[in-house]
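Asker: Structure incoming, see below.
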Amino acid sequence: MTGGARPRRRLVSGVLPGFGLSTGVAVLYLGVVVLVPLSALALRHSALSCRELWPIVASPRALASYRLSFGASLAAAAVNVPCGVLVAWVLARYAFPGRSLVDALVDLPFALPTAVSGIALTAVYSRNGWIGRWLEPLGVRAAFSPLGVTIALTFIGLPFVIRTVQPVLEDLDAELEEAAATLGAGRWHTFRRVILPAIVPAAVTGFALAFARALGEYGSVVFISGNMPMRTEIAPLLVMTRLEAYDYAGAAAIANVLLVTSFALLLAIHRLQRWTRSRAGLA
Amino acid sequence: MSGAASSLARREVVAAPDAVPLAGLAGAARRRPRRATEDPAPVKWALVAAALCFLASLVLAPAAVVLVEALRGGFGLWWKAVADPDARAAIRLTLLVSVLAVPLNAAFGVAAAWSATRFRYPGRSVLVALIDLPFGVSPVISGMVTVFLFGARGWFGPWLAAHGVRVVFAVPGVVLATVFVTFPFVARELIPFMEAQGTEEEEAALVLGASGWQIFSRVTLPNVKWSLLYGVILCNARAMGEFGAVSVVSGHIRGVTNTLPLHVENLYSEYAFQAAFAVASLLFLLAAVTLSAKKTLEWTQRTSRRDAAHRSPR
Chain Z
778 MTGGARPRRR LVSGVLPGFG LSTGVAVLYL GVVVLVPLSA LALRHSALSC
828 RELWPIVASP RALASYRLSF GASLAAAAVN VPCGVLVAWV LARYAFPGRS
878 LVDALVDLPF ALPTAVSGIA LTAVYSRNGW IGRWLEPLGV RAAFSPLGVT
928 IALTFIGLPF VIRTVQPVLE DLDAELEEAA ATLGAGRWHT FRRVILPAIV
978 PAAVTGFALA FARALGEYGS VVFISGNMPM RTEIAPLLVM TRLEAYDYAG
1028 AAAIANVLLV TSFALLLAIH RLQRWTRSRA GLA
Chain D
880 MSGAASSLAR REVVAAPDAV PLAGLAGAAR RRPRRATEDP APVKWALVAA
930 ALCFLASLVL APAAVVLVEA LRGGFGLWWK AVADPDARAA IRLTLLVSVL
980 AVPLNAAFGV AAAWSATRFR YPGRSVLVAL IDLPFGVSPV ISGMVTVFLF
1030 GARGWFGPWL AAHGVRVVFA VPGVVLATVF VTFPFVAREL IPFMEAQGTE
1080 EEEAALVLGA SGWQIFSRVT LPNVKWSLLY GVILCNARAM GEFGAVSVVS
1130 GHIRGVTNTL PLHVENLYSE YAFQAAFAVA SLLFLLAAVT LSAKKTLEWT
1180 QRTSRRDAAH RSPR
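Chains as they are written, first to last, in my numbering: chain Z, 778 to 1060; chain D, 880 to 1193.
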């Protein structure tokens, strides 16, 4: 079939060779590495009837873990939007000493293994840590509390908003701002009415990406959270606990709740990115 | 035209000190009047300071604390933790895992990018979308999937056990979980890049009589090498640093199935903080190398693009 030069119905367009080989390898590998394993998880799930499933998925401990996972992820992503826009703005618009170093620092949460981030954040925010010791007298307990979980998730999601907003700010037409200025707008007015609308789609995409990442995050959270059931136990950790107890059905049930949510988010992000691109095309 | 504009600008700069005689005393920055699309200096510096505070407390402090804690007891203690037999076994396993996982995913990434950017066919966008799946899966679930397939009660577990192959709680499981987690990196990097590049050069090679492999190795590969390298670097960083997925399948057997991140966790949970941070500093080094490689590649690409723009007649 490969290299067959006879004319046939053109399902495939493209004149270069190697369609069969590259597509075959890609589909086979995708199937073996990703699709078969994920379907194993889905089928494991359906081995249980709904009546058996519900007590696991909706147990008080599981509900508490969803609340924490969703709440802390939302809070972290929400903190990252204004702070990320601020950092993106500063990096895109201002020259200051050490700018490129700061720019590199933004990617550290991507590059640093999560276990390292976890123990480092715990060291910084625990009671006698560099920052934790200043929060303690204020009555704020950062490590081993839901706040600690939020801090870790903010760290993990930090690059997303910055890296989606920054290129939009850099590509923004200077003429728009000049036009606003000639029409008598002050800088704040220009920002609010000209720049902000242009970066909203990117900021929303960044928010969704940060949220999706935070929802599944494990390594950086388990150290700082303290892992108290009902209080600081995130959903991925509950999956882990069930697995360690060899309760595979329970682990699969809770995992599927997480999976469905994150796939829905991925789909939404795909839509968002198309929206961002079409907006950029219009501008 | 541009000459007139620049002479105008020069006159403006020269004129400014005469108009405001004290400007020289106030500092050189005051000499040029602020443009209407520029922010006032106090606003600028306040925003810079706020951004730096945010980054310092959230990113710089944890980065610094790793190094400070790692070297707390001096270089001797650091070396003792790093040269410990268990740590050395962890380093070896981490290297082995990445040597196995990264080339596999790189080969897939190249094949998928070739298929998805050089041809149009039904199901193409589905293929591209499915590549992202592992990014949407929690690391814990990625590891769990391996257990469900190859564990004692998994699909292939009993068959493997009958043939004396151990996957879960052994090295193969660690490799498989890492392959799953790092699956999208190279493809994700290559697909947009090759899509943007188009197929003209390859089609020209085809017309000149080049074979498929010649087109790929002589035209495509040189064009995408930086993008490919960047994907490989990201893939490698994740492969060496993965924690959640590997933690599920490894069983934490010291000296056997512990990768570096798992060794860090083991030490930390035994309250061997200094040793944990010492081993963590190795992973920090990996992150630093990854980030500087990224910066270098960005810089290389920018200069090569500028050279290309310079050479082209337009």
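A virtual CB, placed ideally from N, CA and C, is assigned to each residue, including glycine.
#1: Fully enclosed by the stretch 1100-1152 of chain D, which alpha helix (DSSP H) runs are 4 residues long or longer?
#2: Around the Cβ of residue 1183/D, are there at least 16 other Cβ atoms within 10 angstroms (buried) or fewer (exposed)?
#3: Report the residues of the stretch 1122-1155 of chain D with a CB closer than 7 Å to any CB of chain Z, ordered along the chain.
#4: Is the stretch 918-930 of chain Z touching the stretch 883-898 of chain Z in the sense that three or more CB pairs, one from each, lie closer than 8 Å?
#5: Hey, does residue 966/Z have any beta-carbon neighbour from chain D nearer than 8 Å?
#6: Taking only three categories from DSSP, how would you classify residue 903/Z?
#7: Check whether chain D comes within 8 Å of residue 1005/Z, counting only Cβ atoms and requiring the distance to be less than that.
#8: Could you tell me which residues DSSP puts in a beta bridge with residue 971/D?
#9: Would you decide whether residue 1019/D is buried or exposed? Buried here means 16 or more other CB atoms lie within 10 Å of its CB.
#10: Just mark residue 1132/D as buried or exposed, buried being the case when its beta carbon has 16 or more other beta carbons within 10 Å.
#11: If contact means a Cβ-Cβ distance below 7 Å, which residues of the stretch 944-970 of chain Z contact chain D?
#12: What distance in whole Å lies between the Cβ atoms of residue 907/Z and residue 938/D, which are believed to be in contact at a cut-off of 8 Å?
#13: Measuring alpha carbon to alpha carbon, tell me which residue in 1084/D, 1100/D, 1139/D and 1175/D is nearest residue 792/Z.
#14: Residue 797/Z to residue 976/D, Cα distance in whole Å?
#15: In this structure, what does DSSP give as the bridge partners for residue 999/D?
#16: I'd like the ranges of any beta strand (DSSP E) spanning at least 3 consecutive residues and lying wholly in the stretch 1029-1080 of chain D.
#17: Taking buried to mean at least 16 other C-beta atoms within 10 Å of its own C-beta, is residue 1093/D buried or exposed?
#18: Report yes if the CB atom of residue 889/Z is closer than 8 Å to the CB atom of residue 880/Z, and no otherwise.
#19: For residue 1116/D, does the count of other Cβ atoms within 10 angstroms reach 16, so buried, or fall short, so exposed?
#20: I need the straight-line Cα distance from residue 1143/D to residue 1156/D, nearest angstrom please.
#21: At the 8 Å Cβ level, is residue 796/Z part of the contact set with chain D, yes or no?
#22: Would you say residue 792/Z lies against chain D (beta-carbon separation less than 8 Å)?
#23: Kindly say whether residue 1000/D, judged by its beta-carbon, lies nearer than 8 Å to any beta-carbon of chain Z.
#24: Alpha carbon to alpha carbon, how far is residue 1012/D from residue 1123/D? Give it in angstroms, no decimals.
#25: Considering residue 933/Z, what are the terminal residues of the alpha helix (DSSP H) in which it resides?
#26: According to DSSP, is residue 1027/Z part of a helix, a strand, or is it coil?
#27: Only counting the same chain, and skipping five residues up and downstream in sequence, which positions put a Cβ closer than 7 Å to that of residue 1111/D?
#28: Taking C-alpha atoms, which residue in 885/Z, 1046/Z, 891/Z and 1039/Z lies nearest to residue 1172/D?
#29: From this set, 819/Z, 805/Z and 991/Z, which residue's C-alpha is nearest residue 1024/D's C-alpha?
#30: Which bits of chain Z does residue 1060/D rub up against, with CB to CB less than 8 Å?
#31: Residue 821/Z touches chain D at which residues, Cβ-Cβ below 7 Å?
#32: Please classify residue 1014/Z as buried or exposed, where buried requires at least 16 neighbouring CB atoms within 10 angstroms.
#33: CB-CB under 8 Å to residue 1164/D, same chain, minus the five flanking residues each way: which ones, in chain order?
#34: According to DSSP, is residue 1023/D helix, strand or coil?
#35: Under three-state DSSP, which class holds residue 871/Z?
#36: Which bits of chain Z does residue 940/D rub up against, with CB to CB less than 7 Å?
Answerer: So, to answer that:
#1: 1100-1120, 1123-1129 and 1139-1148
#2: By the neighbour-count rule (16 or more Cβ atoms within 10 Å), residue 1183/D is not buried but exposed.
#3: 1122, 1123, 1127, 1140, 1143, 1144, 1147 and 1155
#4: yes
#5: no
#6: coil
#7: no
#8: Residue 971/D is not bridged to any residue.
#9: buried
#10: Residue 1132/D comes out exposed.
#11: Those would be 951, 954, 955, 958 and 964, in chain order.
#12: Contact flag wrong, Cβ pair sits at about 13 Å.
#13: 1084/D
#14: 30 Å
#15: In the DSSP secondary-structure assignment, residue 999/D is bridged to 790/Z.
#16: For the beta strand (DSSP E) assignment, the stretch 1029-1080 of chain D encloses no uninterrupted run of at least 3 residues.
#17: exposed
#18: no
#19: buried
#20: 7 Å
#21: Interface residue (Cβ-Cβ distance to chain D less than 8 Å): residue 796/Z is classified as such.
#22: yes
#23: For residue 1000/D, the answer is yes, since a Cβ of chain Z falls inside 8 Å of its Cβ.
#24: 17 Å
#25: 923-948
#26: helix
#27: Contacts found: 981, 985 and 1065.
#28: Minimum Cα distance to residue 1172/D is reached at 885/Z.
#29: 819/Z
#30: Residues of chain Z passing the Cβ test: none, with the nearest at roughly 10 Å.
#31: 1027
#32: Classification of residue 1014/Z: buried, given that the 10 Å Cβ count is 16 or more.
#33: Nothing meets the Cβ criterion.
#34: If DSSP states are grouped into helix, strand and coil, residue 1023/D belongs with the helices.
#35: coil
#36: 901, 907 and 908
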